[in-house]
């Protein structure tokens, strides 16, 4: 299948489209500004509380006639542009595929060779987020604003979180597994060849290996051979710090030592290459980086508070067992041994994290509706992701039953090459949702190859369902269509048979904003849909019941700018407590609940409405392989930038001792 790198098949249509949009844009921009001036956010209301009441009114009185006059003057040009723009959409392609042109940062081909080095398997990390990048006037109804600046900041935070070093910790002594926050901060400095003993009962017996930031994770053959010769277990993963810890001492530090170590952490925190214009992005409250804000990796406290978790078993373990079974990727995790005791029956790690996972492989975003914001977001993401599919959807009357003013809002970013892509629009949208070409994006990616040169591939699907409350029937119909389209895409893109498998399927993941939760009484039909018999939800026990550790992903818009939750660290701390969640998450609806969330705080049950999903299936995969969830995270790094919590899942594809 040919991937579309431009929205139109030839340059003439592209120029004509640009000309028509140029005629429309002034009218669109003026209307957006005019409506936005009458929809203040809670942050703006608080800012104006200290100003004279008449000042804002005076501004509106002055600017409104100006906007109206310019809007009326631009209408004739917009009409001409619309008459040109609308028929052009019949020739428009359903998405734009963008590949990083800078070969110095391109690493997709290198990643494909890592499967062979993985030996017993490889893990893949998936992320999903609703980023609410609507035209500014519409975004304000969700209590967020400044869409263009938010888009740039969202992209910057995601790549910062994903490109930081991943840390693997080997524990020599199962009797001493505690790592204090201060002592760990001394381990995060990426200084190669540093074999000094730390005076905290934690001996660094091997050097720390730092393999660059951003996309500088390409390991050459020599590095791979060196690692293989050292006897250290590895999974072919990149951007990794490796530390060995022995527990001969008690693991505590004096105040003087703590101060010294903390100073080292400040001096050697993860560095992010500065981008031109980054300093100008933080012009709204959404983008302020405060002391200790882990949304920015410049935070001194980020490494001390949010980067370590250790898993270890009881009893005596020999070195080979430690190396193979106690390997842990402490990418974004806190020390959660206390929290995991509450759910000891869970087979994988789960947490609320202030960071996107390190070495994030695939990212699916929803509500990237604004085209200019999509371009800014794409530019930032390309500093980490080599392959991006954006501007997904149809416009005008092409391809769907009703007229579409905006695209689907879906965006997909990948570190691995995209082989095939397809998009389908839901034809049954209602109300305001019918104005957007909401649908599903299906992708096939190549993630490696076997020694026999068989391609190893994965399938990823991203969708956004009907949002209006009470449209249960519409969402169920869309889930039916989604299952049919999934099956069709798998069949149409498969190039192998059971007898002669040219491709081995490693995973099949479905994610997105499904706009229903698993606990609300009004969403019972969706909860019992057959989709959940084919795809597994790591957060779900069954219809109507989530696992105790799962929390809601829909934030209460009224509280987005409260000091308690306006930074990633603060939001993380609030969501870790039940009382905090009651104050800042939207909760499942019930007939017994009153309409006011604050008024029914005492009667709230559960952990909030979880409408952003990350699902996977074991059906249709290579029979000799096993897929298991390694980690599941609820992420607060986009605090103040969107009214949804991103989610992330890491899957381990186990192949056995030898590759097939």
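In UniProt numbering, the protein residues as written are 1 to 660.
Virtual Cβ for every residue (Gly too), placed ideally from N, Cα, C.
- Looking from the CA of residue 75, the closest CA among 27, 54 and 86 belongs to 27.
- Secondary structure note for residue 99: its beta strand (DSSP E) is the uninterrupted segment 96-99.
- When DSSP states are grouped into helix, strand and coil, residue 130 belongs to the strand group.
- In this structure residue 503 does not touch residue 430 by the C-beta definition: roughly 39 Å separates them, more than the 8 Å allowed.
- Rounded to whole angstroms, the separation of the alpha carbons of residue 608 and residue 463 is 21 Å.
- For the stretch 466-532, the full-length alpha helix (DSSP H) segments reaching 4 residues or more read 472-493 and 524-527 along the chain.
- Contact fails between the stretch 403-420 and the stretch 66-80, because fewer than three Cβ pairs, one in each stretch, are under 8 Å apart.
- Contact between the stretch 641-654 and the stretch 137-151 is present: 3 or more CB-CB pairs across the two stretches fall below 8 Å.
- Looking from the CA of residue 444, the closest CA among 392, 578 and 505 belongs to 505.
- Using a Cβ distance threshold of 9 Å, residue 557 and residue 637 do not count as a contacting pair.
- Within the same chain, and ignoring the five residues on either side of residue 142 in sequence, the residues whose Cβ sits closer than 6 Å to its Cβ are 132, 557 and 643.
- According to DSSP, residue pairing for residue 652 in a beta bridge involves 123 and 628.
- Its chain contains 439, 440 and 485 as the residues whose beta carbon lies nearer than 6 Å to that of residue 424, once the 5 sequence neighbours on both sides are disregarded; these appear in chain order.
- Residue pairing from DSSP places residue 350 in a beta bridge opposite 632.
- Taking all protein chains in view, the Cβ of residue 81 is crowded by 16 or more other Cβ atoms within 10 Å, so the residue is classified as buried.
- Here the alpha carbon of residue 123 sits roughly 22 Å from the alpha carbon of residue 420.
- The Cβ-Cβ distance between residue 610 and residue 476 does not fall below 9 Å.
- Taking C-beta atoms under 8 Å as the contact rule, residue 627 and residue 507 qualify, at a distance of about 6 Å.
- Beta-bridge partners assigned by DSSP to residue 542: 545.
- If you draw a 10 Å sphere on the C-beta of residue 470, you find fewer than 16 other C-beta atoms in it, and that means exposed.
- The stretch 370-380 and the stretch 645-654 do not touch, with fewer than three beta-carbon pairs separated by less than 8 Å.
- A distance below 8 Å between beta-carbons, with the five flanking residues on each side excluded, links residue 31 to the following residues of its chain, in chain order: 71 and 137.
- Look at residue 463 here: in three-state DSSP terms it is strand.
- Boundaries of the alpha helix (DSSP H) harbouring residue 572: 568-575, taken from the DSSP string.
- Note on geometry: alpha-carbon atoms of residue 482 and residue 616 lie some 14 Å from one another.
- Residue 157 and residue 354 have their alpha carbons spaced roughly 11 Å apart.
- If you compare the alpha carbons of 510, 39 and 29 with that of residue 619, the shortest gap goes to 510.
- Residue burial annotation: residue 453 is exposed, with fewer than 16 other C-beta atoms found within 10 angstroms of its C-beta.
- Nearest neighbour of residue 622 by Cα position, chosen from 612, 655, 5 and 29, turns out to be 655.
- Taking 3 residues as the minimum length, the beta strand (DSSP E) runs contained wholly in the stretch 369-411 are 387-390, in order along the chain.
- Distance check between residue 358 and each of 631, 516 and 581 places 631 closest, using alpha-carbon atoms only.
- Counting only the Cα atoms, residue 436 lies some 18 Å from residue 364.
- In this structure, DSSP gives residue 422 an extended state, which the three-state scheme calls strand.
- Contact between residue 4 and residue 93 holds: their C-beta atoms lie close to 4 Å from each other, under 8 Å.
- For residue 36, the enclosing alpha helix (DSSP H) begins and ends at 11-36.
- Here DSSP, grouped into helix, strand and coil, assigns residue 456 to strand.
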